[in-house]
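Protein chains in written order, with this note's numbering: chain A, 1 to 320; chain B, 321 to 640.
We treat Cβ as the ideally placed atom computed from N, Cα and C, and that holds for glycine.
This structure is a prediction, so every number in the text was calculated from the model and none was measured.
Structure, as C-alpha cells:
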C-alpha cells in the first residue's frame, strides 16, 4: 500500500448493468458499499448517482466524488460515448459537481480500476502497470512512472481495441480482430458456440448440456474439469497473451494485471495467456518477462480507484 | 522549438550499416556532422565511436555524449542485443564514460529519434507523441506527458513488434504478423516480389524491369507513376495504419510521426495509412483523430535526439 493521503471520498463505478458505489478511505479501504442496478433512462441514472453520493457521504461536507464510467471520457469530464448506456456527450462531471457542490472527477471505468489496483491492489509495489478487464468487453488502464495515462483525448488505454488479427471476428466497435471479440467473457461464449456448431466438441462434453452457452457457463464447466470447455478458455487465453505481447512490446510495463468478471476463469485463461505472451515478447531471453497476475481488489477495484483518483487529484500521487 | 538548456553535446546514432555523428547545440542545431560506416568488429566499432566523440568535442572538456543504438538497451546502459551489430550484453555506457571521462547516456536509436522530433522537430508543439521509423525494420519511440517512455526493462516502444496479423508473414524476431514484416522498407520489397511471383503485376509495370526489387526501387517506380508500385506502397501503408490504430487505441498520443528511410514513399504510404487508421480508431467520431505526419529532422533525428537526451538528463526537459 502506497503512502496514503488524507480524507474520504465517494467512488462510483458505473457499468452498463450495475453500479458499485462506496465510501472509501485515503488508504483504499471501503467503509460503506452499495450495489445498484443501472437504470435505462439517463436522467434516472443521474438522480440515482446523486442519491448514492449523498447517502454515502452521510451528511459530511466536502467529500469528493470519483466516477469510473464505462465509456469514452474526455478530459473535460464529458462522457462522449458509452456502448451500454444511453449517454452521448453527457457532461457528468460538471452536472454532478454543480448538484453536489463538491469536487468530482470522472475517468473511464477500467482506468479507474487500474488506478485502484496500482494504488492499493496487485500493482501496489510497481511503478508501471497495464490492467485489462475481461467482461462483456475488454477494458484497459495504463500507469507509467506512477501516472495514470489518460491519453491526449482522454481515450487512452482502450486495450480491447488492440488489433491482433486484422480481418478476424467482428468487434462491436465496427472493426475486426480486436482483442475484445477474442478474449472477453463474451468471446468465451462465442468460441464455445462456434465449436459446438462446427461439431468440434466431443459428444460427452458438458458444453452440449448447457442451457445457455455463455462465458460464465463455459467457465463453470471448465472448472468442473470439462476438457472441451478448457480448450475454449485456452483459446481465449491464447489471444489474451497475443494482445498482451503486442501491448508490452509497445509500452513495456513492469506488471500486467487481469481483472473483470471473466477472470473467474483464473489460471485456465492466464496460463495459456502467459505461454503465448512469452513466445511473442521482444527480448524475452534478455530480460525477466513482465509478470501477468490476477487483480486483487475484485469488484471493488473500480470504485476504490475512482475514489482515490478524486483524492489524488489531477497530478496523481507519486508523480515526480 | 522548446525552451533550450545550455551547452553542447555529441550525438552518436549507431545503426547496423552506418553511424551518424554530430556536435549538437542545446537548441538542437547540428554544428558539426559526420557519416561513418559501422565496422563488423565490435572493438573496432568502440574505438571508432571514441574517436568520433573526441573529434567532435574538439578538445572541449565536459561535452556529454548521447548514443542512440539500434538494439535493446537496458536501463543500466547495457546493449543487451542488437539485431544487426554483434553486441551482446555490451556495457557501452560504462565503457564510453570511462574512456572519455564525460557523462554518457544510451537509448534505443528510434527512441532517440523520437526525442529529437519531440524536442525540436515535428512534435515540438505537442505533449505526447509516438514515432515510428520505417527502414530495414520498424522502430518506435514514445513520449507521454513530455517524458520519453523507456519501459520497465528499457525495451519499450518496439512498435515494429505490435502484432496486427497473428499468423501473418514471418518477422525476424521469430513471431508472425508483427508490423515490421508488413510495413518496413523490407516489407515493401517483399510485397512487390510476392506480387510479381504471383502474377499479380500487369505486364507493363516498371516492377518487371527492376534489377533488384527492393523497397527503395519500388518507391522510385511509384513516384514515377507506376500503378502496381503504388499498390504495393498502399498495402504497406494499410498495415502501417492498422498498427497505428492499435497503438493509438492503447495509448492515445497527440501526434504520430513517421520517419526512417522508407518514408521516402511519403504520401503514397501515409495517405492509405491514415485511411486504415481512422476506420479503426476508437471514438474517431467523438474526437479529432490523431494526426499522422512525416518526421522533419530527416537523418539527423537520431543524433540530435541522442545528444539532447544527454543534455536533458534522466528526467527529460518538461517533466513535471
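Cα-Cα, which of the options is closest to residue i?
| i | options | result |
| --- | --- | --- |
| residue 339 of chain B | B/542, B/410, B/389 | B/389 |
| residue 304 of chain A | A/25, A/170, A/92, A/7 | A/25 |
| residue 118 of chain A | A/102, A/254, A/186 | A/254 |
| residue 21 of chain A | A/235, A/49, A/72, A/7 | A/49 |
| residue 399 of chain B | B/445, B/375, B/335 | B/335 |
| residue 126 of chain A | A/273, A/276, A/256 | A/256 |
| residue 159 of chain A | A/110, A/202, A/185, A/265 | A/110 |
| residue 585 of chain B | B/433, B/571, B/506 | B/506 |
| residue 283 of chain A | B/403, B/373, B/362 | B/403 |
| residue 262 of chain B | B/531, B/527, B/559, B/558 | Missing from the structure shown is residue 262 of chain B; chain B here goes from 321 to 640 and no further. |
| residue 122 of chain A | A/104, A/203, A/259, A/168 | A/259 |
| residue 42 of chain A | A/74, A/92, A/77 | A/92 |
| residue 458 of chain B | B/401, B/343, B/601, B/560 | B/560 |
| residue 569 of chain B | A/7, A/157, A/94 | A/157 |
| residue 428 of chain B | B/509, B/393, B/353, B/343 | B/393 |
| residue 63 of chain A | A/90, A/102, A/76, A/88 | A/102 |
| residue 13 of chain A | A/53, A/281, A/242, A/203 | A/53 |
| residue 334 of chain A | A/46, A/88, A/104 | Residue coverage of chain A in this structure runs from 1 to 320, which leaves residue 334 of chain A outside it and unanswerable. |
| residue 113 of chain A | A/134, A/222, A/35 | A/134 |
| residue 204 of chain A | A/211, A/184, A/226, A/195 | A/226 |
| residue 188 of chain A | A/306, A/269, A/285 | A/269 |
| residue 358 of chain B | B/375, B/627, B/337 | B/337 |
| residue 58 of chain A | A/261, A/76, A/100, A/75 | A/100 |
| residue 495 of chain B | A/120, A/213, A/276 | A/276 |
| residue 713 of chain B | B/486, B/548, B/499, B/493 | Look at the range of chain B in this structure, 321 to 640, and you will see that residue 713 of chain B is not part of it. |
| residue 448 of chain B | B/456, B/435, B/436, B/466 | B/466 |
The beta strand (DSSP E) that contains residue i, what's its start and end?
| i | result |
| --- | --- |
| residue 133 of chain A | 129–134 |
| residue 34 of chain A | 30–37 |
| residue 343 of chain B | 338–345 |
| residue 292 of chain A | 291–294 |
| residue 499 of chain B | Counting along the chain, residue 499 of chain B falls outside any beta strand (DSSP E), and DSSP gives it neither H nor E. |
| residue 144 of chain A | 138–144 |
Please check the pair residue i and residue j, which I expect to be a contact at CB under 8 angstroms, by giving their CB distance rounded to whole angstroms.
| i | j | result |
| --- | --- | --- |
| residue 460 of chain B | residue 468 of chain B | No, residue 460 of chain B and residue 468 of chain B are not in contact; Cβ-Cβ is about 12 angstroms, not under 8 angstroms. |
| residue 294 of chain A | residue 263 of chain A | 6 angstroms |
| residue 236 of chain A | residue 191 of chain A | 6 angstroms |
| residue 10 of chain A | residue 65 of chain A | 5 angstroms |
| residue 272 of chain A | residue 234 of chain A | 4 angstroms |
| residue 251 of chain A | residue 142 of chain A | 7 angstroms |
| residue 163 of chain A | residue 177 of chain A | 5 angstroms |
Could you please give me the residues that DSSP links to residue i through a beta bridge?
| i | result |
| --- | --- |
| residue 419 of chain B | BP columns for residue 419 of chain B are empty, so no partner. |
| residue 209 of chain A | DSSP output for residue 209 of chain A lists no bridge partner at all. |
| residue 90 of chain A | A/79 |
| residue 404 of chain B | Residue 404 of chain B is not bridged to any residue. |
| residue 258 of chain A | A/132, A/294 |
| residue 219 of chain A | In the DSSP output, where bridge partners are listed per residue, residue 219 of chain A has none listed. |
| residue 425 of chain B | B/386 |
| residue 393 of chain B | B/399 |
| residue 170 of chain A | A/176 |
| residue 467 of chain B | B/464 |
| residue 165 of chain A | B/485 |
List the residues of chain A that residue i touches, going by C-beta distances under 7 angstroms, in chain order.
| i | result |
| --- | --- |
| residue 600 of chain B | 163, 175 |
| residue 569 of chain B | 158, 161, 162 |
| residue 475 of chain B | 252, 282, 283, 287 |
| residue 464 of chain B | 144, 149 |
| residue 448 of chain B | 152 |
| residue 565 of chain B | 163 |
For residue i, go through chain B and note every residue whose CB falls closer than 8 angstroms to its CB, in chain order.
| i | result |
| --- | --- |
| residue 111 of chain A | By Cβ distance, chain B contributes nothing, its closest Cβ being about 11 angstroms from residue 111 of chain A, past 8 angstroms. |
Given that residue i touches chain B, what residues does it touch there, using C-beta distances under 7 angstroms?
| i | result |
| --- | --- |
| residue 275 of chain A | None at all; the shortest Cβ gap to chain B is about 14 angstroms. |
| residue 286 of chain A | 392, 400, 401 |
| residue 166 of chain A | 484, 485, 562 |
| residue 206 of chain A | Chain B residues near residue 206 of chain A: none, gap ~29 angstroms exceeds 7 angstroms. |
| residue 187 of chain A | Those within 7 angstroms of residue 187 of chain A in chain B number zero; the least Cβ separation is about 15 angstroms. |
Between which two residues does the alpha helix (DSSP H) holding residue i run?
| i | result |
| --- | --- |
| residue 565 of chain B | 547–571 |
| residue 9 of chain A | No alpha helix (DSSP H) contains residue 9 of chain A, which is instead part of the beta strand (DSSP E) from 8–14. |
| residue 365 of chain B | 362–377 |
| residue 282 of chain A | Segment: none, residue 282 of chain A is in no alpha helix (DSSP H) and carries neither H nor E. |
| residue 214 of chain A | Taken as a continuous stretch (DSSP letters only), residue 214 of chain A belongs to no alpha helix (DSSP H), as it is neither H nor E. |
| residue 191 of chain A | 185–197 |
| residue 301 of chain A | 301–312 |
Can you pull the chain B residues whose beta carbon is under 9 angstroms from the beta carbon of residue i, in chain order?
| i | result |
| --- | --- |
| residue 132 of chain A | By Cβ distance, chain B contributes nothing, its closest Cβ being about 11 angstroms from residue 132 of chain A, past 9 angstroms. |
Whose Cβ in chain A lies nearer than 9 angstroms to the Cβ of residue i?
| i | result |
| --- | --- |
| residue 551 of chain B | Ordered by position in chain A, no residue passes the 9 angstroms Cβ test against residue 551 of chain B, which lies about 18 angstroms from the chain. |
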